[in-house]
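This report refers to the structure that appears directly beneath it.
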C-alpha cells in the first residue's frame, strides 16, 4: 500500500478536500472516504520526478567512510557514532517525491503527491488498464445494421423485348461448316444470302 496526498483538486460539483490517502492494487482511497479505480482516470501525468539524490549520496558516502575507518579510540569512536546517528537521521528526512496530475472521466481533477515507487506503480497500473480497454474496444465488432424494410412500391421492371425484335447471338454472325470445322464468315452474311 502506498501513501498519497491530495494537494488540490476539484470535482465537477466543487472543490476537492486536500488530505492523505492511499493507493493499493488499482484503487485510490481519497480524502472524504471516496474510492476511485485507475480505470476512472482519463489522464495521468507525472509532473516531476525525484529530486537530485546528490545530498543523499554525500551522506551515504560519509556514513560508509565512518564505517570503513575501523576501530577508533574511545573518544573518537563515540564522536563517530554520534555523527553517524546524525547522518542517518538527516538521510531519513531526505525523501524523494513525485507529483502527479490526474484527470478523471467525470471531469474531476487532482494533484497527487507521493513517493516515486507509488507513482511508478500508479502510472504502470493506469497504462496497463488503459491499453487493455483500448484492445477490447478494437476487438469488438461493429454494431450490425438492421436490414432495410422491403420497398413499399414494387421495383420498376424493364419490359422484355418481343421475340422477333431481338436476334439471338447465333444469328448475328454467319457460320459455315467446312471439313468438320465450324467457321464464322467474315462478311457477316450467310453463304446462301450472297
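Numbering (full-length UniProt numbering), first residue to last: 1 to 194.
Positions of the beta carbon are idealized from the N, C-alpha and C atoms, including for glycine.
| Item | Value |
| --- | --- |
| Which of helix, strand or coil DSSP assigns to residue 47 | strand |
| Residue range of the beta strand (DSSP E) that includes residue 130 | Here residue 130 belongs to no beta strand (DSSP E); instead the alpha helix (DSSP H) covers 116-139. |
| Helix, strand or coil at residue 111 according to DSSP, with G and I counted as helix | strand |
| Cβ contact check for the stretch 111-119 and the stretch 133-153: 3 or more pairs under 8 Å | no |
| Cα-Cα separation, residue 101 to residue 150 | 55 Å |
| Unbroken beta strand (DSSP E) run spanning residue 101, endpoints | 98-104 |
| Reference residue 13; option with closest CA among 183, 106, 28 and 147 | 106 |
| Which listed residue (47, 108, 35 and 37) has its alpha carbon closest to that of residue 10 | 108 |
| CB-CB length for residue 19 against residue 6, believed under 8 Å | 6 Å |
| Residues bridged to residue 5 (per DSSP) | 20 and 113 |
| Outcome for residue 125 when other beta-carbon atoms lying within 10 angstroms are tallied against a minimum of 16 | buried |
| Between the CA atoms of residue 135 and residue 50 - distance to the nearest angstrom | Legend: pLDDT at residue 50 = 48, less than 50; position of this residue unreliable, no value from coordinates given. |
| Min CB distance residue 120 to chain D below 8 Å | Of the protein chains in the structure, only one exists, and it is not chain D. |
| Host beta strand (DSSP E) of residue 182 (start-end) | 181-184 |
| Candidates 148, 37, 128 and 153, of which the one nearest residue 104 by Cα | 37 |
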